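Numbering (mature numbering (1 follows the signal peptide of the UniProt record, and there is no 0)), first residue to last: -18 to -1, 1 to 885.
Reading through the structure tokens given below for one structure.
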């Protein structure tokens, strides 16, 4: 038995292998191929039959299908494989041709094979579809008509003339083709510059027909598909449709449509055209798996989304919030949301200025919510807005913000202290103290400040009256105080109350305390910023720096800034700072309420390099001169003077002087002297040439001297050495020799005239005069009267008497270089001397020029000297307006009469 089974197996195995091999090579040829044309869709439908043995085999069959155009040299336009599991005897396959079916006859054939085999069956015969042959020969034709093509693909068109006629031309958009055929087939690939709609024109024996063709694209795949609900009643889905070409003709011929459906069934939730959203009713299910299809006549794209409706709730707030109650620091806010058809926990966010507050509420039947905001600032306007979201995880999204609402808290007393400082302008009897104040960083007005209150008291005299005043608008107040120390208090007041007082102590006047200025460089300064530093002291808890933004203006624009104990420097910033302007910064140390001036600093934002100053030139000799100037010249206030440059030029010549440096400018050498001592105010220039014109200019420099052409030079001439020597010789030798000669030749006359000794003039209302002789010792007395017309002299009436009676006086001249000497061997009670200086060295022809009959000496004659003694009884006041109790000598001035004049 076993042997028989074994023999059976050995026989069956080869038979089975042969059967399998034969099945792999089994051929199921398609039969009865048929082809149908659907001209409206431009589709070909192929049908064929398979044997019963084939579809009962349940194996995969591959069909190879070829399509060709008969009129185009039988060109094959399609070769495709179609695989099917046969389950019926009739098979179908459709094809959309790029070539209009009416333009060319399409032929098809088919063959098949088992999918696992490499052997094909024989081809079927070619079967033709209906084509141009079925068209009417009695009219002209253009194909396709109003067809939509995909942009970037080939466009095939044709023009077919009626029987016994031909096509003259074909115009495809802007491209024209001339022809003389009965049928023209034309294929073109439109450029992307083609419009969405263009014209196809065919000329038929002189007549012209045209049709419109359209270009568009397959729809984009929709993006960002999202679904949510506001009230658990309606579900709304939104998406980004991508690029949508909107045109009326495209909407008619190739509309775009969006369809939202269930993935696992044929259920459609909603559909729309050219939209970005659609809504549908919630059907009590929580999990949704939806598909969004975007399609048009050229194709379609899909997007899918799965969501739980409980996690996509987005509440909607109705209207805007409202304020129920408020005080200085508290506001109660209310709002309402659209009712939700479910019990749901909501997270709401309240935005107040830059702050956000999160609260959790439970949805209820009326959906009204309230929230109390505390810790607010008094008299402050707040802007509120609210948004809410479902309090679920994962978090979905916030609702839109509500419309904003503003509410203001009520006023409260000002909090914090005012920042107070002062400026003291000291006088001899009192000081004008200007108190300044402003809101500090810690100060809050808590309302509108109506006025500021001030109070001051004398700390050294407690019994003195306290003073009070108020200021409504400004933030400074000037008080006249004595030289004692005072305490000043400043409050701010609004409609609710007053702030705590700020205290400042005005110290007593320190008559001995002096703080010297320090001139500092512009190092570390930047644009609109001046660097200030000071030496810190541990005993001070605070420092104050004060300055004026406009130091040259009468209003000054007084400023101050306070610093902590550990600060000792700062970059003080002000847009008012300008280059070339001198600023003074006073640094104070604060100990308790008292301030102490520590340092004074003079600074510039940026110093101007140099400035030419006015100067004076004196002590001029033939070889030297001296230049002088003022140290604090107001012409140079735009920088600290660090030295001077003296420029010297010789008129129209090159300058080369020992001890100077030269530089060339405008073709000439200019000499310079650098003076590096800023406090120096004079400089002697030596080694000059006599009888030469020199020009000088003085430049004060702060940073670097800079010579410019716009300089006013001061000109000076040095004298000639020979002329100066001759003048000196003339004064010292020649004039004395001439005098000696004249005096020796006229010795008798001179001796008679000059014999009296000139007494010492005395200032007294009673003059007792006696005759005397004045001796010429190259001296001029200090009290003289020049008689214009001498009278006859007699013992009874002196010359002075005649003078007083006639009231006639002469002019005189004073030479200060001649000094007065007295003769001590004569004694006079009183005397008056009249004198007229020498005009030149000659005598008159009078036999006795010393007598009263002698005429006055002219300009060319010897001046005379006359003296007489007058009795006290002769000195009296006349009836005229002139009174001469005694005579006084005034050099280089005319004698005038003044009544009751005290000399």
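Even for Gly, the Cβ is constructed at its ideal location relative to N, Cα and C.
The structure presented is a predicted model; accordingly, all values stated were derived computationally and were not measured.
In DSSP terms, what residue i is bridged to
i, result
"residue 630", "653, 678"
"residue 886", "Residue numbering for the chain in the displayed model covers -18 to 885; residue 886 lies beyond these limits and cannot be assessed."
"residue 244", "272"
"residue 184", "152, 191"
"residue 289", "270"
"residue 219", "209, 260"
"residue 546", "524"
"residue 315", "305, 353"
"residue 141", "124, 166"
"residue 63", "46"
Coil, strand or helix - residue i by DSSP
i, result
"residue 155", "coil"
"residue 560", "coil"
"residue 232", "helix"
"residue 408", "strand"
"residue 363", "strand"
"residue -9", "The pLDDT assigned to residue -9 is 49, lower than 50, so where the model puts this residue is not dependable, and the model offers no usable value."
"residue 237", "coil"
"residue 34", "helix"
"residue 9", "coil"
"residue 598", "strand"
"residue 538", "coil"
"residue 813", "Residue confidence is low: residue 813 scores 42 on pLDDT, short of 50, so the model does not pin down where it sits. Its coordinate-derived value is still stated next. Correct three-state label for residue 813: coil."
"residue 623", "coil"
"residue 489", "coil"
Cα-Cα separation between residue i and residue j, rounded to whole angstroms
i, j, result
"residue 225", "residue 202", "6 Å"
"residue 460", "residue 561", "31 Å"
"residue 323", "residue 210", "14 Å"
"residue 117", "residue 200", "32 Å"
"residue 129", "residue 342", "60 Å"
"residue 127", "residue 83", "12 Å"
"residue 228", "residue 259", "17 Å"
"residue 268", "residue 247", "17 Å"
"residue 89", "residue 208", "49 Å"
"residue 535", "residue 541", "14 Å"
"residue 557", "residue 510", "6 Å"
"residue 133", "residue 86", "23 Å"
"residue 302", "residue 530", "51 Å"
"residue 448", "residue 462", "13 Å"
"residue 333", "residue 351", "15 Å"
"residue 299", "residue 250", "31 Å"
"residue 94", "residue 75", "14 Å"
"residue 109", "residue 287", "47 Å"
"residue 886", "residue 59", "Residue 886 is absent from the structure shown; the chain starts at -18 and stops at 885."
"residue 152", "residue 141", "8 Å"
CB-CB length for residue i against residue j, believed under 8 Å
i, j, result
"residue 443", "residue 419", "Wrong, their Cβ atoms sit about 25 Å apart, outside the cutoff."
"residue 384", "residue 404", "Incorrect: roughly 51 Å between the Cβ atoms, too far for contact."
"residue 107", "residue 91", "7 Å"
"residue 585", "residue 567", "6 Å"
"residue 523", "residue 471", "About 20 Å; that fails the 8 Å criterion."
"residue 176", "residue 143", "At roughly 27 Å, the Cβ-Cβ gap does not stay under 8 Å, so residue 176 and residue 143 are not in contact."
"residue 433", "residue 452", "5 Å"
"residue 526", "residue 577", "7 Å"
"residue 514", "residue 552", "6 Å"
"residue 564", "residue 619", "6 Å"
"residue 886", "residue 230", "Coverage of the chain is limited to positions -18 through 885, which leaves residue 886 absent and any answer about it impossible."
"residue 604", "residue 672", "4 Å"
"residue 232", "residue 194", "That pair is no contact at about 12 Å."
"residue 481", "residue 396", "4 Å"
"residue 698", "residue 627", "18 Å between Cβ atoms; not a contact."
N-terminal and C-terminal residue of the alpha helix (DSSP H) that residue i is part of
i, result
"residue 886", "Within the shown structure, residues of the chain are numbered from -18 to 885, placing residue 886 beyond reach of any answer."
Residue i: first and last residue of the uninterrupted beta strand (DSSP E) it sits in
i, result
"residue 262", "259 to 263"
"residue 42", "42 to 51"
"residue 99", "Neither: residue 99 is in no beta strand (DSSP E) and is coded neither H nor E."
"residue 511", "511 to 515"
"residue 660", "From DSSP, residue 660 is part of no beta strand (DSSP E); its letter is neither H nor E."
"residue 434", "433 to 440"
Residue i beta carbon near the ligand COA (any heavy atom closer than 7 Å)
i, result
"residue 279", "This structure simply doesn't include the ligand COA, nor any ligand for that matter."
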